[in-house]
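Just so you know, the sequence shown maps onto residues 0 to 421 in numbering that gives the first Met the number 0.
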Amino acid sequence: MAYYRQLGEVPGTRHTVFRDPHGKLRYEELMGEEGFSSDSSLLYHAGVPSAIVDSQVWELPDLSTTPNHPLKPRHLKLHSLFPDPGEAGETGGAAAVDAVQGRRLVLGNADVRISYVVAGATSPYYRNAVGDECVYVQEGSGVVETVFGVLPYRTGDYVIVPRATTHRWVPRAGEPPSRLYAIEASSHIAPPKRYLSRYGQLLEHAPYCERDLYGPDEPFLVEGTDVEVLVKHRGNGPSGLVGTRMTYATHPFDVVGWDGCLYPYTFNIEDFMPITGKVHQPPPVHQVFEGWNFVICNFCPRKVDYHPDSVPVPYYHSNVDSDEVMFYVGGDYEARKGSGINIGSISLHPGGYAHGPQPSAIEASLGAEYFDETAVMVDTFKPLELGEAGLAAEDPAYAWTWAGRGPDAANGDGGPAVYSNS
0 MAYYRQLGEV
10 PGTRHTVFRD
20 PHGKLRYEEL
30 MGEEGFSSDS
40 SLLYHAGVPS
50 AIVDSQVWEL
60 PDLSTTPNHP
70 LKPRHLKLHS
80 LFPDPGEAGE
90 TGGAAAVDAV
100 QGRRLVLGNA
110 DVRISYVVAG
120 ATSPYYRNAV
130 GDECVYVQEG
140 SGVVETVFGV
150 LPYRTGDYVI
160 VPRATTHRWV
170 PRAGEPPSRL
180 YAIEASSHIA
190 PPKRYLSRYG
200 QLLEHAPYCE
210 RDLYGPDEPF
220 LVEGTDVEVL
230 VKHRGNGPSG
240 LVGTRMTYAT
250 HPFDVVGWDG
260 CLYPYTFNIE
270 DFMPITGKVH
280 QPPPVHQVFE
290 GWNFVICNFC
300 PRKVDYHPDS
310 VPVPYYHSNV
320 DSDEVMFYVG
330 GDYEARKGSG
340 INIGSISLHP
350 GGYAHGPQPS
360 AIEASLGAEY
370 FDETAVMVDT
380 FKPLELGEAG
390 LAAEDPAYAW
400 TWAGRGPDAA
410 NGDGGPAVYS
420 NS
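So, in structure tokens, the structure goes:
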């Protein structure tokens, strides 16, 4: 995100001697993208940022995937993956799960992995060296402590964490655990290029602007020695990812100041300004971020089409080049009425399959002036496979809801069934 910020103490000239009040040299670290050729920031540490005293294997959670074959649309009930958090302050269950080690893989491919977690515990220090993370906060509040400073988060926030940023998640004590939808890239995540000027400013036609982005507002200094950081990085594991536990001689959060255009930030979905039209608008008007071979969109409460004969719900469409993943997080999603989908559901509509609203939803939408719905969509340009959590959370009836009946017993899918489209 090419939007300059400066926090704390930095020298007047980069790459020059910078000492603390006692004369001790501070250590400059350049954190930059694309081999010194893209956005970067300079961080000034009290300790040596590369000084490690131990390195051990971190066994990652199950990241295996299963192809969506035979091809069909899927409905995944994410709220079934974790026990009901219960009342705030309860012990056990989600209160003992953290936002890093507790993630369960729902869907993934080589470009992006989508996980879900209900976390009430403080996470270990963590660094994703594979790509940027965009974590949508379905519910909850707390802070993300980072090497750049502290980021408060709340319900509806996207938390953007650049690749290799050391951080940890701290849910707010005494409140229900945080429901987090983690989108992990193998690339960087940024606003769409069409929203940006040639110098990186968000343009007037963009549905949000720089004042909607919240970064850290002061350095976060922590003292300590022999601090363990969990690092997810590229390797030869079955998923192409492996983990390492690195122990640092001094605390990573020893940055007295930094400046640049690369840093973590939050953007709340309520600050997105929907673009509407006389007839139904295509999904790109809802785009909020993009990565390599995938995009992130959000569907927000909005006035809908004002042509007298408009059909407000989407027309049927074939995903010729992409798989479409919709995470339903608020309101009442008009196009899916009668499908069993509810808050906390994911729908996966794969490439090669034409999809659209439930039949009865089309007629019911005619004359509507406003949709009260909130959803986060990820479109990928390589096929998505199901992670262990996707398999565990599936509603097997969903694929047949457009037809109103399912396969017979000869097809080995549980015998004849009839489903309502109302």
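Think of the CB as a built atom: it goes at the ideal place given N, C-alpha and C, for glycine as much as any other residue. Source: prediction; values computed, not measured.
* Asked: Quick one: what's got a C-beta closer than 8 angstroms to L261's C-beta in the same chain, skipping five residues either side?
  -> The residues are M0, M30, G31, E32, D38, S39, S40, P161.
* For T193, does the three-state DSSP call read helix, strand or coil? -> It is Arg, not Thr, that sits at residue 193 in the sequence shown. Looking at R193 - three-state DSSP - the assignment turns out to be helix.
* Asked: Q280: which of V303, P218, S63 sits nearest, CA to CA?
  -> Nearest of V303, P218, S63 to Q280, Cα basis: V303.
* Compute the Euclidean distance between the alpha carbons of S177 and G119, then round it to the nearest angstrom. => Going by the C-alpha atoms only, they are around 6 angstroms apart.
* **Three-way DSSP call (helix, strand, coil) for I268 in this model** => Here I268 sits in helix by DSSP.
* Exposed or buried, what is L365 when buried is set at 16 or more other beta-carbons lying within 10 Å of its beta-carbon? -> Classification for L365: exposed.
* Asked: Going by DSSP, which residues form a beta bridge with E399?
  -> Sequence inspection shows Trp at residue 399; the Glu mentioned does not correspond to that position. The partner list for W399 (beta bridge, DSSP) is empty, contrary to what the question assumes.
* Nearest-angstrom Cα separation, counted from T400 out to S338 -> Cα-Cα distance, rounded: 6 angstroms.
* **Endpoints, beta strand (DSSP E) assigned at A181** => 177-184 is the span of the beta strand (DSSP E), which, as asked, contains A181.
* To do: With a floor of 3 residues, list each beta strand (DSSP E) that falls wholly inside the segment 224-288, ordered by position along the chain.
  => Considered as a whole, the segment 224-288 harbours 224-233, 240-249, 254-259, 264-267 as its complete beta strand (DSSP E) runs of no fewer than 3 residues, in chain order.
* Coarse secondary structure for E217, derived from DSSP in three states -> The answer is coil: DSSP assigns E217 none of H, G, I, E or B.
* Asked: What's the C-alpha gap between G256 and D216?
  -> Looking at the backbone, the Cα of G256 and that of D216 are separated by about 11 angstroms.
* CB-CB length for A396 against M325, believed under 8 angstroms -> Incorrect: roughly 17 angstroms between the Cβ atoms, too far for contact.
* Taking the alpha-carbon positions, what's the P123 to D83 distance? -> The C-alpha of D83 is placed about 23 angstroms away from the C-alpha of P123.
* To do: Measure from the alpha carbon of N127 to the alpha carbon of each residue in Y207, R244, S359, V142, then state which is nearest.
  => Relative to the Cα of N127, the nearest Cα in the group Y207, R244, S359, V142 belongs to R244.
* Asked: Between the segment 275-292 and the segment 16-28, are three or more C-beta pairs nearer than 8 angstroms?
  -> Touching, no.
* Distance CB(L6)-CB(G148) smaller than 8 angstroms -> L6 places its beta carbon less than 8 angstroms from that of G148.
* Asked: Taking just the CA atoms, how far does A184 sit from P406?
  -> If I take the Cα positions, the gap works out to 36 angstroms.
* For D61, which of I345, G107, Y305 has the nearest alpha-carbon? -> Among I345, G107, Y305, the Cα nearest to that of D61 is on G107.
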